[in-house]
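*Asks:* Sequential numbering from 1 applies to the sequence shown in UniProt numbering.
Below is one structure. I have some questions about it.
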Amino acid sequence: MNVLFLTLATIKNINERGIYTDLLREFVKNGYNVSVMTPVERRLNKPTSLNVEDSVKILNVKTFNIQKTSVLEKGIGTLAIEYQYLKALKTYFKNQKFDLVLYSTPPITFSKVIKYLKQRDNAYCYLLLKDIFPQNAVDLKLIKKGGLLHRIFQKKEKNLYNLSDTIGCMSPANKAYILKNNSYLASEKVEVNPNSIMPVSFNNTKLEIPNKKIREKYNIPLDKKVFIYGGNLGKPQGIDFLIKTLETVNNENAFFLIVGSGTEFSKISNWFLKNNPKNAKLLSYLEKLDYDRLIKSCDVGLIFLHKDFTIPNFPSRLLSYLEMGLPIIAATDVNTDIGYVVESNNCGFWVEAGDLDKMQDTILKFTDETVDLKAMKTAASKLLINEYHVSKSFKLINDKLQNV
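Pasting the structure below:
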């Protein structure tokens, strides 16, 4: 059977680690023929091209710049991408029939491609809902509620949901939100299919470098509890509360490690330059293996989300921490259920974004060792295997396709 994956993520080959590539490898392992459509932004000055990597077809589609660019170009690029993908599809896959089409949000602008494949191939279309747009942009005041852009994107959102045979949501709160705010959707069309990965072996020899050696490499204290934030540093993460945490948490036994990039990186970088904190360190991009080793050498993983979100986000960085057996502190809005998940599974704590007193008290629990850190680490690894293993996501999708 043939599966096509449409994405805005850059995928060079499916042997890379990540929520999408891990899932695609699971399809290959189970006998599917996999094709991928992935963007090549115009800044790279490369034409549309089809490559075959390990028997997987990867169609690199030339697009406008859609990441790390101006709001105007990103908006134009997002609207144009379905036309660019559709043209490339008709050119390079005109003789290939697809049984299954997988696609994720963002973007919400693949409707024409999906409609074409449903009509041409009678393909089963499965949406992996990773972003509830345009409401997230309204929450962050990036677009005006009820304005022209909002109405345009709302229409596209509705088209995408209607075209999809199944909508896989990241968490129960995600599912509840979608059904509550889209009353035209049948409940059986929406299910929980969370972010998932194929965990690396915890005894992986590439990872098995002493924590002391890794901490020394990056000049991180050996005698402190290290709290790591790794991932995107953008508006959705509510970086102001992260900075406030660094400014106000007074705990001589805590050290904060920030690793990432994004639109707000300059803000936090400027704060570091101005304040030169002794209890924190900022790193930009790291190779995946080094990043994994660094996480593994830390004690607690940090998750931040903007306090104004009305949609229940569920950040995939949770999986990176669980994979390395780290307990979690989730500092988020009140609408996401990620805090409930880590607390109910005894592998972390929830703090409402903006509550500095509770953040300080929660950090103190780890530095004073009033929690059983070893038990929480075991619970973190168990949660990953039980709920976020890629085989679970594959089975949900495969069962739908087999029952058509």
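In this text, a Cβ means the ideal position worked out from N, Cα and C, and glycines have one as well.
The structure presented is a predicted model; accordingly, all values stated were derived computationally and were not measured.
Candidates Phe265, Leu273, Trp271, Ile295: which alpha carbon is nearest Ser284's?
*Replies:* Taking the sequence shown and counting its residues from 1, the one referred to as residue 284 is at position 284. Nearest C-alpha to Ser284: Phe265.
*Asks:* Leu8 to Glu287, Cα distance in whole Å?
*Replies:* Translated into the one-based positions of the sequence shown, residue 8 becomes position 8. Translated into the one-based positions of the sequence shown, residue 287 becomes position 287. Taking the straight line joining both Cα atoms gives about 21 Å.
*Asks:* Verify the contact flag: Ala137, CB atom, against every heavy atom of the ligand MN, threshold strictly below 6 Å.
*Replies:* This structure does not include the ligand MN; it has no bound ligands of any sort.
*Asks:* What three-state label does DSSP hand Leu140 in the structure shown?
*Replies:* Within the sequence shown, numbered from 1, the residue matching residue 140 stands at position 140. Here Leu140 sits in coil by DSSP.
*Asks:* Using a Cβ-Cβ cut-off of 7 Å (strictly less than) and excluding sequence neighbours within five positions of Asp224, which residues of its own chain qualify?
*Replies:* To locate residue 224, count along the sequence shown from 1; it is residue 224. In the sequence as presented, Asp is not what sits at residue 224; that position holds Lys. Cβ neighbours of Lys224 beyond the five flanking positions: Asn253, Ala254, Phe255.
*Asks:* Tell me which residues share the same chain as Ile311 and place their Cβ nearer than 7 Å to its Cβ, disregarding the 5 neighbours each side in the sequence.
*Replies:* Locating residue 311 in the sequence shown gives position 311, where the first residue counts as 1. So the qualifying residues of the chain are Ile132, Gln135, Asn136, Asp139, Tyr177, Asn335.
*Asks:* Pull up the distance between the alpha-carbon of Ile295 and that of Ile143, whole angstroms please.
*Replies:* Numbered from its first residue, the sequence shown carries residue 295 at position 295. Numbered from its first residue, the sequence shown carries residue 143 at position 143. Whole-angstrom Cα-Cα distance: 35 Å.
*Asks:* Among the candidates Thr21, Ala375, Lys395, whose CA atom is the shortest distance from the CA of Ile197?
*Replies:* Indexing the sequence shown from 1 puts residue 197 at position 197. Checked all of Thr21, Ala375, Lys395; the closest Cα to Ile197 is Thr21.
*Asks:* Over the uninterrupted alpha helix (DSSP H) stretch that includes Ser381, give me the two end residues.
*Replies:* Taking the first residue of the sequence shown as 1, we reach residue 381 at position 381. It spans 373–387 - the alpha helix (DSSP H) in which Ser381 sits, taken as one unbroken run.
*Asks:* Quick check on DSSP: helix, strand or coil for Phe202?
*Replies:* Locating residue 202 in the sequence shown gives position 202, counting from the first residue. Because the pLDDT at Phe202 is just 49, under 50, the model does not fix this residue reliably, and the value given afterwards should be weighed accordingly. In the structure shown, Phe202 sits in coil (DSSP, three-state: anything other than H, G, I, E or B).
*Asks:* According to the neighbour-count rule (16 or more other Cβ atoms, all chains shown, within 10 Å of its Cβ), is Gln119 buried or exposed?
*Replies:* Working through the sequence shown from its first residue, we reach residue 119 at position 119. With fewer than 16 Cβ atoms within 10 Å of its Cβ, Gln119 is classed as exposed.
*Asks:* Could you pull out every unbroken beta strand (DSSP E) segment of at least 3 residues lying fully inside the region 150–200, listed in chain order?
*Replies:* Entirely contained in the region 150–200, the beta strand (DSSP E) runs reaching 3 residues are, in chain order, 166–169, 190–192.
*Asks:* Decide yes or no for the touch test of the region 16–36 against the region 62–80: beta carbon pairs closer than 8 Å, at least 3 of them.
*Replies:* Contact fails: fewer than three Cβ-Cβ distances are below 8 Å.
*Asks:* Do the region 264–280 and the region 316–332 touch if we need at least three Cβ pairs shorter than 8 Å?
*Replies:* Touching, no, given that fewer than three Cβ pairs across the two stretches are closer than 8 Å.
*Asks:* Taking Asn398 as the reference, give the member of Val36, Val101, Arg42 with the closest Cα.
*Replies:* Within the sequence shown, the letter at position 398 stands for residue 398. Ranking Val36, Val101, Arg42 by Cα distance to Asn398 puts Val101 first.
*Asks:* Using 10 angstroms around the beta-carbon of Leu72, count the other beta-carbons present and answer buried if the total reaches 16, otherwise exposed.
*Replies:* Position 72 of the sequence shown, counted from the start, is the residue given in the question as residue 72. Leu72 should be labelled exposed.
*Asks:* Check Gly31 in the structure and name its three-state DSSP category.
*Replies:* By 1-based counting over the sequence shown, the position of residue 31 is 31. Gly31 falls in the coil class under three-state DSSP.
*Asks:* Do Val259 and Phe366 have their C-beta atoms within less than 7 Å of each other?
*Replies:* Position 259 of the sequence shown, counted from the first residue, corresponds to residue 259. Position 366 of the sequence shown, counted from the first residue, corresponds to residue 366. Cβ atoms of Val259 and Phe366: not closer than 7 Å.
*Asks:* Using the Cα positions of Leu129 and Pro194, report the straight-line distance between them to the nearest angstrom.
*Replies:* Residue 129 sits at position 129 when you count from the first residue of the sequence shown. Residue 194 sits at position 194 when you count from the first residue of the sequence shown. Each residue's Cα considered, the two are about 9 Å apart.
*Asks:* Report all residues from its chain with a CB closer than 6 Å to the CB of Phe202; omit the five preceding and five following residues, and keep chain order.
*Replies:* For the purposes of this step, residue 202 is identified with residue 202 of the sequence shown, where counting begins at 1. For Phe202, the pLDDT reaches just 49, beneath the cut-off of 50, and the residue's location in the model is therefore unreliable, although a value from the coordinates is still provided. Cβ within range, chain order: n/a, list empty.
*Asks:* Would Gly238 and Lys189 qualify as a contact pair, given that the criterion is a beta-carbon distance under 7 Å?
*Replies:* In the sequence shown, residue 238 corresponds to position 238, counting from 1. In the sequence shown, residue 189 corresponds to position 189, counting from 1. Not closer than 7 Å, so no.
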